[in-house]
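**Q** The structure under discussion is supplied below as structure tokens; questions concerning it will follow.
Numbering (our numbering), first residue to last: 1 to 376.
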């Protein structure tokens, strides 16, 4: 039979791998990184995805998981166990907050939230049993940008680990490990895969021993990613660099358009000069500001519904970062689990709409937004 040299990695759609005999099996346990036994423990497709993301982030190793949420769980359990305490930035994805407050507390891990204005002075929040701080490079949904070098210095001073969710930025824009973070997570579902057809996550560690612990958690808890979704995500990753450039270009144009529209009350986008962390975002993101923005219409249900119904090419879809633009409503989707007081404090009101700007022709995006706003 002729030798086969595929240009792309085949899909290893198998749950188990075979061995010649017991001696061959022992080789697996002696050198588990050289062979495969069971896809929950490892698969060539999930390993390829993890290795490629690790290269992009400049880590010491990575693991692919079944979703962004399982990536967060894996990362937290790498550092925390029952009796420990972790800190979380106050403005964060609602699903992350639900995991921490509703589930990890049941496992005996205490959780406290740090207001944005106190994020770089943690003495009033760190306890003897505090192990970790979780924050996002760009917060969901109001795009507040974290100074990663400053935050890293503060977590090191107080003796805790820094875990960064880099989903909104992607490693094309920011590499948190290079700025002092201990571990980075991604919802691969979003920019890394990029086509709204995969649910996946990754955990990237700055130290090899942390990654070995993360791999153990993934295997034992069954948080592994399937071969086919691994293959799809790795394929999407090949166009990440060019996609991110277009996402950023379009988002800047949309943000400027919305700023000048009389029906729009406020716009949150780090690329705008009036954004409070604009200079930080520019330096930390190599002049790119991402494809996510939020804006506020009148805080009126019918106004929001009319706008959503009037859009012809931008659907209301509660996710983000696909090649096609979409809108979401944080108050009723991603952040609905927060208390009314938390929502109000963060400024997540009825009129706030999160816009994931795709890579379509810029003029078409602006035209669709314009005609929808005219109907409000």
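All residues carry an ideal CB built from backbone N, CA and C; glycine is no exception.
For clarity, every value in this text was computed on a predicted model and none was experimentally measured.
1. Helix or strand or just coil, what does DSSP make of residue 105?
2. Short of 7 Å in beta carbon distance, which residues of its chain neighbour residue 190, apart from the five on each side in sequence? Order them along the chain.
3. Determine the DSSP secondary structure at residue 132, reduced to helix, strand or coil.
4. Within this structure, are the beta carbons of residue 143 and residue 268 separated by less than 7 Å?
5. Please classify residue 80: does DSSP put it in a helix, a strand, or coil?
6. Report yes or no: do the segment 156-176 and the segment 186-205 share at least 3 C-beta pairs separated by less than 8 Å?
7. Where does residue 247 sit, in a helix, a strand or coil, going by DSSP?
8. Taking Cβ positions, are residue 145 and residue 270 nearer each other than 7 Å?
9. What does the Cβ neighbour count give for residue 26, buried or exposed, with the cut at 16 atoms within 10 Å?
10. Hey, residue 17 and residue 36 are a contact pair by Cβ (cut 8 Å); roughly how many whole angstroms apart?
11. Going by other Cβ atoms of all chains shown within 10 Å of its Cβ, with 16 needed for buried, is residue 65 buried or exposed?
12. Could you tell me the boundaries of the beta strand (DSSP E) in which residue 112 lies?
13. Here's the rule: buried if 16 or more other CB atoms are within 10 angstroms of the residue's CB, otherwise exposed. What is residue 92?
14. Hey, how far is the Cα of residue 377 from the Cα of residue 366?
15. What is the C-beta distance between residue 89 and residue 57, in whole angstroms, given that I count them as a contact (C-beta under 8 Å)?
16. Consult DSSP for residue 385 and reduce its assignment to one of helix, strand or coil.
17. Just to confirm the assignment, what range does the alpha helix (DSSP H) spanning residue 289 have?
18. Helix or strand or just coil, what does DSSP make of residue 282?
19. Quick test of the definition: if touching needs 3 or more C-beta pairs under 8 Å, does the segment 191-198 touch the segment 72-89?
20. So the alpha helix (DSSP H) residue 214 belongs to, where does it begin and stop?
21. Within the continuous beta strand (DSSP E) that includes residue 343, where are the two ends?
22. Once the 5 residues before and after residue 249 are set aside, which same chain residues still bring their CB inside 8 Å of it?
23. When the Cα of residue 179 is compared with those of 155, 43 and 200, which residue comes out closest?
24. Over the uninterrupted beta strand (DSSP E) stretch that includes residue 187, give me the two end residues.
25. Need the endpoints of the beta strand (DSSP E) that residue 266 sits in, please.
26. Going by the beta-carbon positions, is the gap between residue 63 and residue 214 smaller than 7 Å?
27. Skipping 5 residues on each side, what residues in its chain have a beta carbon closer than 8 Å to that of residue 311?
28. From what residue to what residue does the alpha helix (DSSP H) around residue 365 run?
29. Determine the DSSP secondary structure at residue 201, reduced to helix, strand or coil.
30. Looking at residue 61 and residue 205, is the spacing between their C-beta atoms short of 7 Å?
31. What number of angstroms, rounded off, separates the C-alpha of residue 30 from the C-alpha of residue 212?
32. Do you know how far the Cα of residue 233 is from the Cα of residue 239?
33. Suppose the cutoff is 8 Å on Cβ atoms and the five residues either side in sequence are ignored; what does the same chain contact list for residue 301 look like?
34. Run through the DSSP bridge pairs and tell me what residue 164 is partnered with.
**A** Inspection of the coordinates gives the following:
1. Helix, per DSSP.
2. Result list for residue 190: 167, 320 and 321, in chain order.
3. Strand at residue 132.
4. Yes, they are a contact pair.
5. In the structure shown, the three-state DSSP call for residue 80 is coil.
6. These segments touch.
7. Reduced to three states, the DSSP call for residue 247 is helix.
8. The answer is yes: Cβ separation under 7 Å.
9. Residue 26 should be labelled exposed.
10. At roughly 4 Å, the Cβ-Cβ gap stays under 8 Å, so residue 17 and residue 36 are in contact.
11. Buried is the call here.
12. 110-114 is the span of the beta strand (DSSP E), which, as asked, contains residue 112.
13. The residue in question, residue 92, is buried, as its Cβ has 16 or more Cβ neighbours within 10 Å.
14. The chain is shown from 1 up to 376; residue 377 falls before or after that span and cannot be answered.
15. Going by Cβ atoms, the distance from residue 89 to residue 57 rounds to 20 Å, so no, they are not a contact pair.
16. This structure leaves residue 385 out entirely; the chain is present only between 1 and 376.
17. Unbroken run through residue 289: none, as it is neither H nor E.
18. Secondary structure of residue 282 (DSSP, three-state): helix.
19. Too few Cβ pairs lie closer than 8 Å, so no.
20. For residue 214, the uninterrupted alpha helix (DSSP H) segment begins and ends at 208-221.
21. Counting along the chain, residue 343 falls outside any beta strand (DSSP E), though it belongs to the alpha helix (DSSP H) covering 340-346.
22. Excluding the 5 residues flanking it on each side, residue 249 has same chain C-beta neighbours closer than 8 Å at 362, in chain order.
23. Of 155, 43 and 200, the residue nearest in Cα terms is 155.
24. For residue 187, the uninterrupted beta strand (DSSP E) segment begins and ends at 183-187.
25. Here the beta strand (DSSP E) through residue 266 covers 266-268.
26. Cβ atoms of residue 63 and residue 214: closer than 7 Å.
27. Within the same chain, residue 311 has close Cβ partners 327, 368, 369 and 372.
28. Unbroken alpha helix (DSSP H) run through residue 365: 362-374.
29. Correct three-state label for residue 201: strand.
30. In contact: residue 205 and residue 61 (Cβ atoms closer than 7 Å).
31. Note on geometry: alpha-carbon atoms of residue 30 and residue 212 lie some 15 Å from one another.
32. Those two C-alpha atoms are separated by around 11 Å.
33. Within the same chain, and ignoring the five residues on either side of residue 301 in sequence, the residues whose Cβ sits closer than 8 Å to its Cβ are 350.
34. According to the DSSP secondary-structure assignment, residue 164 is paired through a beta bridge with 135 and 184.
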